[in-house]
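Heads up: the sequence shown begins at 38 in my numbering, then just goes up one per residue.
Reading through the structure tokens given below for one structure.
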Amino acid sequence: MGKINLTALQVRKRALAELQSQRLKVAPVWLDVMNEVPPAQILTRNQPQQHSEVQVRTKSLPNGRTEQVAIPAPKRKTKSGKSSRLFAPVKIRYEEDKLRKQFFQDHPWELARPRIVVETTGNQHKDSDYGKGLEQPLLPLSGESVVQRQLHLLHTVPDITTEQAYDIARREFYSLRRQEATRLRIAKEEMLHMGATPEKGVLQWSMQIENKHYNDWEAWARGQVSEQIQRSAAFSGELAPAPEQQILGAGNPGSTRGPFGTQQQLSARVNRGEI
38 MGKINLTALQ VRKRALAELQ SQRLKVAPVW LDVMNEVPPA QILTRNQPQQ
88 HSEVQVRTKS LPNGRTEQVA IPAPKRKTKS GKSSRLFAPV KIRYEEDKLR
138 KQFFQDHPWE LARPRIVVET TGNQHKDSDY GKGLEQPLLP LSGESVVQRQ
188 LHLLHTVPDI TTEQAYDIAR REFYSLRRQE ATRLRIAKEE MLHMGATPEK
238 GVLQWSMQIE NKHYNDWEAW ARGQVSEQIQ RSAAFSGELA PAPEQQILGA
288 GNPGSTRGPF GTQQQLSARV NRGEI
């Protein structure tokens, strides 16, 4: 575009200036329309709004009371100051993002637990009160429960640190997980005591299929090795060594009987050209 300003308002001003300088002989048809109905905004892009992270904490006052204060988090330096990222949208960061990242770094297997992501009404969190603990109505126990419990402690407990709130939430989480494991174990023992037969799980089925393929491969491999040993022994005219005789399934050290018979029978068949 060069140095020409092509914003909506400047276009009309430029057209008026060209009419006065007689560069334009006839006024454009849109000139009066833009005067009566000016554009609502200019066409230039504005830089995205910078979102600052705010942490809410409860502080103890000298008179014994407590109050909640908002503490702005320190601003992070931008990754790149290039002009190509001047108008790129800014990431919105929340305080629980760091808490969630820390928890799942310490407990990666929590992400492997199956979860139902389809919501019924979308208002499951409406009746949640993490001041009473991790267990909430209509919400299963998960890592998100620990994050919300830790955030609640940081907002309500006076002068508590992030590490202290994390330890309290983790201890409650471990206790509930142990109770859940105990209930499942007792239910399984009662089921077996009453004569129920549990179905095989995914791991049991996969191990059964894997064992079958391994046994088939082992039988094929033993046959290939046995054939190679008998061929080499037939051409050399010597008995196979003891380890090889075991592979061939020999009953005694002097016998090398395999799928092709004894050593003498194998040599005779090779001489006749049958093998």
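Every residue gets a Cβ at the ideal spot worked out from N, C-alpha and C, and that includes glycine.
Just so you know, these numbers come straight off a predicted model, no measurement behind them.
Can at least three beta-carbon pairs, one atom from the segment 82 to 94 and one from the segment 121 to 130, be found at a separation below 8 Å? yes
Euclidean distance between Cα positions of P99 and L176: 39 Å
By alpha-carbon positions, which one of G101, V183 and I197 ends up nearest to D134? V183
Residues near M228 in its chain [Cβ-Cβ closer than 8 Å; skip 5 each side]: P235
Please report how far the alpha carbon of P151 lies from the alpha carbon of M231, in whole angstroms. 28 Å
Could you check the C-alpha separation between G288 and W257 for me, to the nearest Å? Bear in mind that the predicted position of G288 carries a pLDDT of just 43, short of 50, making it unreliable; the figure below should be weighed with that in mind. C-alpha separation (whole angstroms): 21 Å.
When burial is assigned at 16 or more other CB atoms within 10 Å of the CB, is Q267 buried or exposed? buried
Is Q320 buried or exposed, if buried means 16 or more other CB atoms sit within 10 Å of its CB? No statement about residue 320 is possible, as the shown extent of the chain runs from 38 to 312 and does not include it.
Pull up the distance between the alpha-carbon of R207 and that of L136, whole angstroms please. 12 Å
Using a Cβ-Cβ cutoff of less than 8 Å, which residues in the same chain neighbour E104 once the five nearest sequence positions on both sides are dropped? T95, K96 and L98
May I ask which residues mark the beginning and end of the alpha helix (DSSP H) holding I223? T199 to H230
Cα-Cα, which of R222, I246 and Q139 is closest to A202? Q139
From F210 to L171, what distance separates their C-alpha atoms? 7 Å
Please go through the segment 91 to 149 and give each complete beta strand (DSSP E) segment of 3 or more residues, from N-terminal end onward. 91 to 97 and 103 to 109
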